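Chains as they are written, first to last, in my numbering: chain A, 1 to 185; chain B, 186 to 982.
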């Protein structure tokens, strides 16, 4: 019987202990996502005269339910050569973190691809390379052809096969895929 | 004790001669510890020449008895002899219990042996040591897969989650050495953290009838036990070495046990396992290696009327996940499905890189029991710590850092009483209290499972009544109370989308720039019951009938998921509004056990209200591209099916075993099939076993899995910029049927009386067939395993 009492005591002490430990409340620290890219800005600066054009896709809730907000500041001018640069930001962090730097540091593991569709008459070419001489593509040249309209898609692949002939044999994972509807006039 | 027996024997000599002496005493003899039946025990009726031996079901019948009190002496080779006093009045039925000192070394293996232990009105399937040793290189899930009605939800071949009659995860309760495993079993890619080499006996109960363990086992209960240790002076051990061609992996496991006649014992077990990349028939499955270690210690005292033991185990498992399954978006998923081969194939390596899991599980249990006049009382305290790290492919300074880091601590106390109300009525009752704390440190990735504290309290009573030699009835009830106290950061956009700002505004603790900190505090009250009967036809046939109601509290991932599940490249949304699901399962088993032809037929119907399931509901556009959105929802589900086992013995050496199972699952609200229901499958095995040629065993097994033709259409469309088209992403069509052939053999060599060597050789997927399994989460990316040659060497000493 003594053993029974002992067992009962142990049981209830444990329950007591368990129910008392309830009060050590402390709220967890918030997580600010570090690797999220919320914003892609492609700036197209005409080689000669003309206005710069900004293409921007901003997705402030990351992979949350809200869709990205896409803005195009204006139309391309026929026959103009544009120098393009891509900037990536994580605006969930404050101040916003520049992800372009990370991409350029890990240049062997990244590559941008430019896909033209829907009759848009433009051509693109890479302007910067990784340390092994394969394209990286945070800088590019865009040549606007005849008046037309269509889609330009920027795709960033992580750990692609390099060198490659394009998205189809690049493999890797998609870090970014943003489509802008453009007009050449 | 011995004197009492003698006195009884003497007294019973005083026989009255004038009575009517045409009555029969029938009954059943079971082990006091675990209720298993005792075969080959001798019963002697004192004062007469009457001697009887129990049959293989532990039964006996003594006829020509008079209406008076008899003394019966019962003896069994491995038990203490005991005297019983029986009062005969008419034909009498009586059940006797002996304390069975299990002879570990002499234990006989019977495949799929059925004993009534955990639940008396549900058929149980058991896998014993020798059978388990054939799975030493595999997982617990692989071993369970060899039973009818069990399939598995896999992530590759190393993460194998048992599925019972179509249900898995939180609906399958795993009891490891008396402890309910709390290893974040909710995730589809979380396998049970148990080393198959530490197990001596595996019991499967297909249903929620085993209420002493839990009330929420909608699918069933898996009871895992380490070896029982004999009460005698001995020292013995075992070392097993296994090598596999596929994965170029090896495993060594060793166990040493010391026991004393005083009842004290100690046992130590350890396993090391290292596998590299597995291979499909035509390519390497890159990053699918495993690195596993396990150590367990058991120390205790085993006496008839009291005892205690302490068990500790540490299981560590580092598992690579197919590199090609790590995706960036739905566009990548489309590419992966379109491609016949994985998008990334590297050369074979033993190295593990991201994506991978690194899981550590510690379990400590202390149990003490004492037998009183009124029954056996036991008290248990157990503690578990589950540490789970998941590594995804990351960038910058976070490279090599875990994306998911969870630490789950659980303390549980149990108080159980096992008593006989009368000779024919057994009663089990108990209390359970448990405290669980989940802590998720900041990894730079939003928490998939929030920080929470959970308190559970349970109370149960289960009783069975042996009416006569034919009928046994069982009834039980359990009540569980759960309180959850959670801190969860929600994305403001999701919080508002779900209208939580109206419905749950009282939960808000703090509002940040784009996040809301909420503190849900939920209570759940769950009742569960079981009602059953067993009818023994007296010959080879036996019928089990059971009806159980189970209730399950929604798990943290069902309630709180909100965001991108990186390794799966899908967005998962839970729902705060979920309530407990309630399942009604009716199960019937007809079994025939015979020396020549045995079978068991087990149809069931399981109706679950508020069933929680996750399935794709649409897509979500983000800057990274498109993600499929998987949402948890509640519905009314119904699962029905049938398991069938049969075996035919051609001769002493040759037998044929058949196993097949079928389950159909439907969503009764949306009137469509449920997702991830196993296809019909059948296994047929021809076994040659000859004890005269050094226990030579040769087995050829065929496994046929049909195509699952009933599935919900969860396909979705995405836009592909390169082709400027919208394409269908086919995530629902199941793969084709497949047939695999496996071979297994073993032979034993005895060195001395106490030491022996067993050699085993096996081939799985003999014809190197390329196939994909509907229930493998990696089926979109790669074929399943190719041919594997296994070599086993086992020393017993």
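Cβ atoms here follow ideal geometry from the backbone N, Cα and C, with glycine treated the same way. Keep in mind it's a predicted model, so treat the numbers as computed, not measured.
- DSSP places residue 100/A in the helix class (H, G or I) of the three-state scheme.
- If you ignore the 5 residues before and after residue 728/B, its C-beta comes within less than 6 Å of the C-beta of 720, 775, all in its own chain and listed in chain order.
- When Cβ pairs closer than 8 Å are counted between the two stretches, the segment 768-787 of chain B is seen not to touch the segment 659-678 of chain B, the count staying below three.
- By the rule that beta-carbons nearer than 7 Å mark a contact, residue 167/A touches chain B.
- At the C-beta level, residue 53/A and residue 73/A come within 7 Å of one another.
- By alpha-carbon distance to residue 43/A, the top candidate from 67/A, 60/A, 140/A, 155/A is 140/A.
- For residue 314/B, the uninterrupted alpha helix (DSSP H) run begins and ends at 314-318, by DSSP.
- Out of 417/B, 411/B, 459/B, 399/B, the CA that lies nearest to the CA of residue 428/B is found in 459/B.
- Residue environment for residue 363/B: buried (at least 16 other C-beta atoms within 10 angstroms of its C-beta).
- Note on the segment 861-948 of chain B: whole beta strand (DSSP E) runs with a minimum of 3 residues are 866-875, 881-890, 901-905, 910-914, 923-935, in chain order.
- Here residue 694/B is actually not in contact with residue 397/B; their C-beta atoms are around 39 Å apart, not less than 8 Å.
- Not flagged as an interface residue toward chain B: residue 86/A, since no C-beta distance is shorter than 7 Å.
- Note on geometry: alpha-carbon atoms of residue 866/B and residue 151/A lie some 49 Å from one another.
- The residue from 28/A, 180/A, 89/A with its alpha-carbon nearest to that of residue 114/A is 180/A.
- Residue 511/B is bridged by DSSP to nothing; it lacks a bridge partner.
- The continuous alpha helix (DSSP H) containing residue 688/B extends over residues 685-688.
- Within chain A, the residues 59, 62, 63, 68 have their CB atoms less than 7 Å from the CB of residue 807/B, given in chain order.
- For residue 326/B, the uninterrupted alpha helix (DSSP H) segment begins and ends at 325-329.
- Taking 7 Å as the threshold, the shortest C-beta distance from residue 163/A to chain B does not fall below it.
- Just so you know, the alpha carbons of residue 515/B and residue 810/B end up roughly 7 Å apart.
- With fewer than 16 neighbouring CB atoms inside 10 Å of its own CB, residue 877/B falls in the exposed class.
- Going by beta carbons, residue 231/B and residue 239/B fall outside the 7 Å limit.
- Per the coordinates, the alpha-carbon of residue 832/B lies some 5 Å from the alpha-carbon of residue 841/B.
- Its Cα nearest to that of residue 565/B, the residue 618/B stands out among 618/B, 259/B, 586/B.
- Assignment of residue 626/B by DSSP, reduced to helix, strand and coil, places it in the coil class.
- Taking a Cβ-Cβ threshold of 9 Å, the residues of chain A close to residue 579/B are 34, 35, in chain order.
- Flagged as an interface residue toward chain B: residue 174/A, by a C-beta distance shorter than 7 Å.
- Residues are counted here when their Cβ sits less than 7 Å from a Cβ of chain B; for the segment 121-137 of chain A the count is zero.
- Short of 8 Å from the beta carbon of residue 530/B, and not among the five residues preceding or following it, lie these beta carbons of its own chain, in chain order: 468, 469, 471, 509.
- Residues of the same chain with a CB within less than 8 Å of the CB of residue 381/B, apart from the 5 flanking positions on each side, are 317, 320, 321, 323, 324, 325, 327, 328 in chain order.
- Beta-carbon to beta-carbon, residue 67/A and residue 144/A are separated by about 28 Å, too far to satisfy the 8 Å threshold.
- Shown here, residue 364/B sits in a strand according to DSSP, grouped into three states.
- Contact annotation for residue 332/B against chain A: no contact, minimum CB-CB distance about 36 Å [criterion: below 8 Å].
- Every beta strand (DSSP E) of 3 residues or more that sits fully in the segment 457-508 of chain B is shown, in chain order, as 475-487, 491-505.
- In the structure shown, residue 675/B adopts extended strand secondary structure according to DSSP, grouped into three states.
- According to the DSSP assignment, residue 557/B belongs to the beta strand (DSSP E) that extends over 541-557.
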